[in-house]
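Below you'll find the structure, written out as structure tokens, and then a few comments.
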Amino acid sequence: MCSQRTRSAVIGCSGGPDSTALLLALGLLAPELGLGLHVVAIDHGLRPEARVEAEAVCQLAGKLGLAAERASVVVPAGASRQAQARSARYQALAQCAGRCAARFIAVGHTRDDQTETVLMRLLGGAGLTGLAGMALMSPLPIELAAPIDAPAALLRPLLTVARAQVESFLQPLLPLLAPLPFHDPSNGDPRYLRARLRRDVLPLSLRWRASLAFFLTDEMFAVAALGEPLSPPVLRLMLALKAASLARGASGVRPARCSASASCRRPYAGSASSVPPAAVFINSRPRSAWP
């Protein structure tokens, strides 16, 4: 059953650490934000355990008093299985948001995902707009298979939160969350460029600058929000990262065309090891500031 509240959001939750943290944080803050929530667990049918994981997500949502459903999608064969799965996932989330009259589709992309995305686009030859990375709020990055009167906007509440913060947020809750969160083995599969960057390039880069994720994504937010030029240190950093990626054989991605959003905000300025309050954790704005 979908929420009937005026301001509502569909949460896409895979049961992984990031989307589980998003589900918990939004579930706790929903009354304060006046936000109705509907949880969707996508079963891509690519792994035998995916159905059980989706059911576990729905059970957690039920414990939080949230409506939830499991949506099964068909991932067509193609050159990039991950890209096909992403498109199928967004199609399902968009259709659910349409049924629920939800204004937002919330997903669990983090600051670390942003760093990886910027590096992937750099390798693909993206221009300044593409290098701005993902926006906190943007249109869905797909063409909808079925028309929707008022498509929901894609919302990334964790985009300024480091993965280390997500892990710290979840750590004391693990006994209550079990068997969540799950870890998708494809995230470490070296056949995928993102996994190779995560495994080979980023650790190498972090030896040079320990705060790479904060440094790089701060710069990209400034580019997206203010149109500021890239600073010389970032230009040198990007050249070094591209050289390291090419040396490690992480290239081979097509150029990306991306749009930047003026709605980006400056990121949370705490350290990667600190755990911010729940409201800051999801980069929430006061209730009156929500669109």
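First residue of the sequence shown? That's -13 in the working numbering, and the numbers climb one at a time after it. Quick reminder that beta carbons are idealized off the backbone N, C-alpha and C, glycines included.
(message) Measuring straight from C-alpha to C-alpha, what distance separates Ala36 and Ser5?
(response) 15 Å
(request) Taking Val26 and Ala78 to be in contact with their CB atoms under 8 Å, please state how far apart those CB atoms are, rounded to whole angstroms. (result) 7 Å
(message) By the DSSP assignment, the alpha helix (DSSP H) with Leu156 in it spans what residues?
(response) 149 to 156
(request) Return the CA-CA distance between Gly51 and Gly20, expressed in angstroms with no decimal places. (result) 15 Å
(request) In angstroms with no decimal places, state the Cα-to-Cα distance between Ala352 and Val61. (result) This structure does not reach residue 352, given that the chain is present from -13 up to 277, and the question cannot be answered.
(message) In the DSSP output, which residue or residues are listed as bridge partners for Val(-4)?
(response) His24, Ile91
(request) Give the secondary structure of Ser5 by DSSP, where H, G and I count as helix, E and B as strand, and everything else as coil. (result) helix
(message) Check this for me: beta carbons of Leu8 and Gly94, under 8 Å apart or not?
(response) yes
(request) Let me know if Gln100 comes out buried or exposed under the rule of 16 or more other beta-carbons within 10 Å of its beta-carbon. (result) buried
(message) Give me the DSSP bridge partner(s) of Asp29.
(response) Ser58
(message) With the cut-off set at 8 Å, would you say Trp117 and Val104 are in Cβ contact?
(response) According to the sequence provided, residue 117 is Leu. The question's Trp does not apply to it. It is a contact, given that the beta carbons lie within the stated cut-off.
(request) Name the residue from Gly111, Asn173, His24 whose alpha carbon lies nearest to the alpha carbon of Gln68. (result) Asn173
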